[in-house]
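Peer 1:
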Amino acid sequence: MLDYVIKAGTIVDGTGSAPRQGDIGVRDGVIVQVGGTITESAAETIDADGAIVTPGWIDVHTHYDGQVSWDDVMDPSAGNGATTIVMGNCGVGFAPVRPGGEKSLIELMEGVEDIPGTALYEGIEWGQWESFPEYMNYIASRRYSLDIGAQVAHGALRYYVMGERGKENQDATPEDLREMSRLLTDALSAGAMGFSTSRTIGHRALDGSPVPGTFAPDTELSAIADAMARAGRGVFEMIPAGTVGKLEALGGERTTPEAELALMAGFSRQSGRKVTFTLVQSPDYAPDTWKRLLEMTVSANQSGAQLFPQVPSRPIGLASGLSGYHAFQRRPTYMKLASLSLADRAREMSKPEIKSAIMSENDVPVDQPGSMANMYRLFQTAAPFLYPLADPVDYEPDPSLMLGTRAATSGQDILSVLYDYLLEQDGAAMCALMGGANVHESQEVLRQMLVHPETVTGLSDAGAHVTLICDATMPTTQLTFWARDRHKGDRIPLEFLVAKQTARNADLYGLNDRGRLAVGLRADLNVIDFDNLRVSPPKAFHDLPAGGTRLIQPVSGYVATMVKGQVTRRNDADTGARPGSLVRG
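According to the numbering used here, the sequence shown is numbered sequentially starting from 41.
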């Protein structure tokens, strides 16, 4: 007898092949039949008529490094069909860590990834590990709704070995390099999925200091490459300098995107390992710089490198609302109201005298230069380019919908228009920056990146930027927008998108037992009501440790998600099944 038969679905198997009708059989956590009509009896039959059946999504860019300690559901990824995630990206993480050394790692994570320090202090079981292998063993002792892979973060490794010298980005000594190499080799040999580093000065701890390793000289990167070569395993993940612009206000990046790509190609050849890196259309550079970087990638790969540019499936959106960051959060009168419930706050702010006071006041500076609380400045200057978020969210809205257009039409000041908008829906209204004024142009660039044969999809940042970015829904919007709803340009075939975020990502990290619907592979899969798949605007949930708030986009349309042959979600609800654990490289 089978455990499950998934009946009469449209099978999109992750290989890029055309969808086909048929059944899928599952027994003992493994797929035993794909296609055709299954007549063997099963303990449960899942009706997939009218739905698509895909492999589970493999999200390779997440930041659940702390959440694994207090949560076993792993939302928002679990609710978006992810069955395997990889964390420890961007050079930040929580192992190795010396006893009492957690403060610096927390302040680094809070500054770079906008995860509340209060949640990290209270929610993480500090003291349960010191080394990276011990951290992995801790994760392996727990059970989750999905599988979790962990990477060694440069910032944590450097701080562990060098202490304050590492934090201050001083050059490593030969002894430092030997110790970092030894620890990295040990971690990779124990199953770490890879090593990550950040080289952009835009990634900063709360005190404004760049991530340890940002300015690592060639000797340090060479030592890391040699360590990975000796281990013979692991992916090198990097955020290159220039990813978010030249950042001249912060002192300016020290190198160029082209030089960074050459560095990564050399690292890949020396280490013999795959390198994945963030590729977006960066401001401050020529508009076609991304094309040049892809051309350089092709050339490098033809000469022995293994480079995998990692691209998003929609413009990285910065959300704004009273439940998160907004233009008025540092006005003294607002700060007095901030502790009120959302509805009460909106009610008070609707009073003319309160609005007048807030609009006339100067902002109170944020004490910590690296805190995301400084985003209020961006939302003030970029207010004309904010788009209201409808339900479902339109990821290619018409420019006429921008708040700047609303202000021009009404003759009102843009900040006054923004203020009034934030009070809509009893204060729950959300708006967002969507990659610039011309969203269509941004989406066209992303389409070309997505279909490029050298790229992989990622950059969801799931688990991070909890009140600013909700891109954990990228795996879902990749389907709804690109395969179904886009109306201002070319779409992308469903089978291509599925393969891109399943088999392609599995192959990147050597996860050979998943990523495709094939006999003998793990039964990690999604049954999706594709016609009715829907992504709504962000909503505030106050469910982090210490009562912290996070914004999550509700998603509907996942009929079932299965991990290792167990149904973990049914009709968009968690079932309580916890078949997931640590996955070792």
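Idealized CB from N, CA, C, for every residue including glycine.
(1) Measure the C-alpha to C-alpha separation of Thr-316 and Phe-235 and round it to an integer number of angstroms.
(2) Determine, using beta-carbon pairs with one atom in the stretch 362-371 and one in the stretch 332-340, whether at least three such pairs fall under 8 angstroms.
(3) Spatial neighbours of Ser-229 within its chain, please: CB distance less than 7 angstroms, with the 5 preceding and 5 following residues excluded, ordered by chain position.
(4) Would you mind giving the Cβ-Cβ distance between Asp-111 and Ile-356, rounded to the nearest angstrom? I have them listed as a contact below 8 angstroms.
(5) Less than 8 angstroms between the beta carbons of Tyr-178 and Gln-168, yes or no?
(6) Judging by CA-CA distance, which residue of Ile-454, Pro-156, Gly-49, Ser-144 is the nearest neighbour of Asp-583?
(7) Is it buried or exposed, Gln-483, if we count other Cβ atoms within 10 angstroms and call 16 or more buried?
(8) Does any heavy atom of the ligand MG sit closer than 7 angstroms to the C-beta of Met-202?
(9) Counting only runs of 3+ residues fully inside the stretch 276-338, write out the beta strand (DSSP E) ranges in chain order.
(10) Is it true that the CB of Trp-97 sits closer than 8 angstroms to the CB of Thr-123?
(11) With distances taken from CA atoms, which of Arg-487, Ala-118, Arg-183, Ala-263 is nearest Ser-221?
(12) What are the start and end residues of the alpha helix (DSSP H) that includes Leu-362?
(13) Determine contact between the stretch 453-460 and the stretch 396-404, defined as no fewer than three beta-carbon pairs at a distance below 8 angstroms.
(14) If you draw a straight line from the C-alpha of Ala-543 to the C-alpha of Pro-352, how long is it?
(15) Please report how far the alpha carbon of Glu-388 lies from the alpha carbon of Met-127, in whole angstroms.
(16) So for Ser-396, helix, strand or coil by DSSP?
(17) What are the partner residues of Asp-403, as DSSP defines its beta bridges?
(18) Identify whether Ser-353 lies in helix, strand or coil by the three-state DSSP scheme.
(19) Name the one or two DSSP bridge partners that Glu-84 has.
(20) Report the CB separation of Val-74 from Asp-53 in whole angstroms; it is logged as a contact under 8 angstroms.
(21) Is the number of C-beta pairs between the stretch 64-73 and the stretch 556-564 that are closer than 8 angstroms three or more?
(22) Within 10 angstroms of its Cβ, does Ala-299 collect 16 or more other Cβ (buried), or is it exposed?
(23) Using a Cβ-Cβ cutoff of less than 8 angstroms, which residues in the same chain neighbour Leu-42 once the five nearest sequence positions on both sides are dropped?
(24) State buried or exposed for Arg-524, treating a residue as buried only when at least 16 other CB atoms are found within 10 Å of its CB.
(25) Could you tell me which uninterrupted alpha helix (DSSP H) segments, each at least 4 residues in length, are contained entirely in the stretch 94-176, listed from first to last along the chain?
(26) Alpha carbon to alpha carbon, what distance is there between Leu-246 and Glu-174?
(27) So what does Cys-471 bridge to, in DSSP terms?
(28) So the candidates are Val-433, Ser-500, Ile-509; which of them puts its Cα closest to the Cα of Asn-129?
(29) For Lys-604, does the three-state DSSP call read helix, strand or coil?
(30) Rounded to whole angstroms, how far is the Cβ of Thr-516 from the Cβ of Val-575, which I believe are closer than 8 angstroms?
(31) Taking 8 angstroms as the cut-off, decide whether the C-beta atoms of Ala-383 and Asp-466 are in contact.
(32) Per DSSP, which one or two residues make a beta bridge with Gly-344?
(33) Does DSSP put Gln-61 in a helix, in a strand, or in coil?
(34) Taking DSSP as the reference, what is the three-state secondary structure of Ser-221?
(35) Could you check which residue in Glu-219, Trp-166, Pro-577, Met-375 has the C-alpha nearest to that of Ile-592?
(36) Please go through the same chain and pick out, in chain order, the residues whose beta-carbon is closer than 6 angstroms to the beta-carbon of Gly-62, but skip the five residues on each side of it.
Peer 2: Let me lay it out:
(1) Within the sequence shown, residue 316 is the residue found at index 276, counting from 1. Within the sequence shown, residue 235 is the residue found at index 195, counting from 1. Cα to Cα, Thr-316 sits roughly 10 angstroms from Phe-235.
(2) no
(3) By 1-based counting over the sequence shown, the position of residue 229 is 189. Excluding residues within five positions, the ones whose Cβ falls inside 7 angstroms are Ala-271.
(4) Taking the first residue of the sequence shown as 1, we reach residue 111 at position 71. Taking the first residue of the sequence shown as 1, we reach residue 356 at position 316. Their Cβ separation, rounded to whole angstroms, is 24 angstroms, which puts Asp-111 and Ile-356 out of contact at 8 angstroms.
(5) As a first step, residue 178 must be located in the sequence shown, where it is residue number 138. As a first step, residue 168 must be located in the sequence shown, where it is residue number 128. Closer than 8 angstroms, so yes.
(6) As a first step, residue 583 must be located in the sequence shown, where it is residue number 543. Among Ile-454, Pro-156, Gly-49, Ser-144, the Cα nearest to that of Asp-583 is on Pro-156.
(7) Start at 1 with the first residue of the sequence shown, and residue 483 comes out as number 443. By the neighbour-count rule (16 or more Cβ atoms within 10 Å), Gln-483 is buried.
(8) Among the ligands in the structure shown, none appear at all, so the ligand MG cannot be discussed.
(9) 315-318
(10) The residue you call residue 123 lines up with position 83 of the sequence shown. The residue you call residue 97 lines up with position 57 of the sequence shown. Contact: yes.
(11) As a position in the sequence shown, residue 221 is number 181, starting the count at 1. When each option's Cα is compared against that of Ser-221, the closest is Ala-263.
(12) Walking along the sequence shown from the start, residue 362 turns up at place 322. Element bounds for Leu-362: n/a, residue is neither H nor E.
(13) yes
(14) Walking along the sequence shown from the start, residue 543 turns up at place 503. Walking along the sequence shown from the start, residue 352 turns up at place 312. Roughly 17 angstroms between the two C-alpha positions.
(15) In the sequence shown, the residue the question calls residue 388 occupies position 348. In the sequence shown, the residue the question calls residue 127 occupies position 87. For Glu-388 and Met-127, the distance between alpha carbons rounds to 41 angstroms.
(16) Position 356 of the sequence shown, counted from the first residue, corresponds to residue 396. Helix at Ser-396.
(17) Here the question's residue 403 lines up with position 363 in the sequence shown. Its beta-bridge partners do not exist; DSSP assigns none.
(18) To locate residue 353, count along the sequence shown from 1; it is residue 313. Note: Ser-353 maps to coil in three-state DSSP.
(19) Position 44 of the sequence shown, counted from the first residue, corresponds to residue 84. Beta-bridge pairing links Glu-84 to Tyr-44.
(20) Along the sequence shown, read from residue 1 onward, the residue named residue 74 stands at position 34. Along the sequence shown, read from residue 1 onward, the residue named residue 53 stands at position 13. At roughly 7 angstroms, the Cβ-Cβ gap stays under 8 angstroms, so Val-74 and Asp-53 are in contact.
(21) yes
(22) For the purposes of this step, residue 299 is taken as the residue at position 259 of the sequence shown. When all chains shown are included, Ala-299 counts as exposed.
(23) For this step, residue 42 is matched to residue 2 along the sequence shown. Within the same chain, Leu-42 has close Cβ partners Gly-65, Val-66, Arg-67, Val-72, Ile-78, Glu-80, Ser-81, Ala-82, Ala-83.
(24) Here residue 524 refers to the residue found at position 484 of the sequence shown. Burial call: exposed.
(25) 142-153, 157-163
(26) For the purposes of this step, residue 174 is identified with residue 134 of the sequence shown, where counting begins at 1. For the purposes of this step, residue 246 is identified with residue 206 of the sequence shown, where counting begins at 1. If I take the Cα positions, the gap works out to 27 angstroms.
(27) Position 431 of the sequence shown holds residue 471. Looking at the DSSP assignment, Cys-471 forms a beta bridge with Ser-360, Pro-428.
(28) Position 89 of the sequence shown, counted from the start, is the residue given in the question as residue 129. Comparing Cα positions, the closest option is Ser-500.
(29) Within the sequence shown, residue 604 is the residue found at index 564, counting from 1. Looking at Lys-604 - three-state DSSP - the assignment turns out to be coil, as it is neither helix nor strand.
(30) By 1-based counting over the sequence shown, the position of residue 516 is 476. By 1-based counting over the sequence shown, the position of residue 575 is 535. Contact holds; Cβ gap of about 6 angstroms.
(31) The sequence position of residue 383 within the sequence shown is 343, counting from 1. The sequence position of residue 466 within the sequence shown is 426, counting from 1. Taking 8 angstroms as the Cβ cut-off, Ala-383 and Asp-466 qualify as a contacting pair.
(32) Within the sequence shown, the letter at position 304 stands for residue 344. Bridge partners of Gly-344: none, in fact.
(33) As a working mapping, residue 61 is identified with position 21 in the sequence shown. Three-state result, Gln-61: strand.
(34) Position 181 of the sequence shown, counted from the start, is the residue given in the question as residue 221. Of the three classes helix, strand and coil, the one that applies to Ser-221 here is helix, per DSSP.
(35) Against the sequence shown, residue 592 aligns to sequence position 552. Of Glu-219, Trp-166, Pro-577, Met-375, the residue nearest in Cα terms is Pro-577.
(36) In the sequence shown, residue 62 corresponds to position 22, counting from 1. Counting only Cβ-Cβ distances below 6 angstroms, and skipping sequence neighbours, we find Ile-51, Gly-75, Gly-76.
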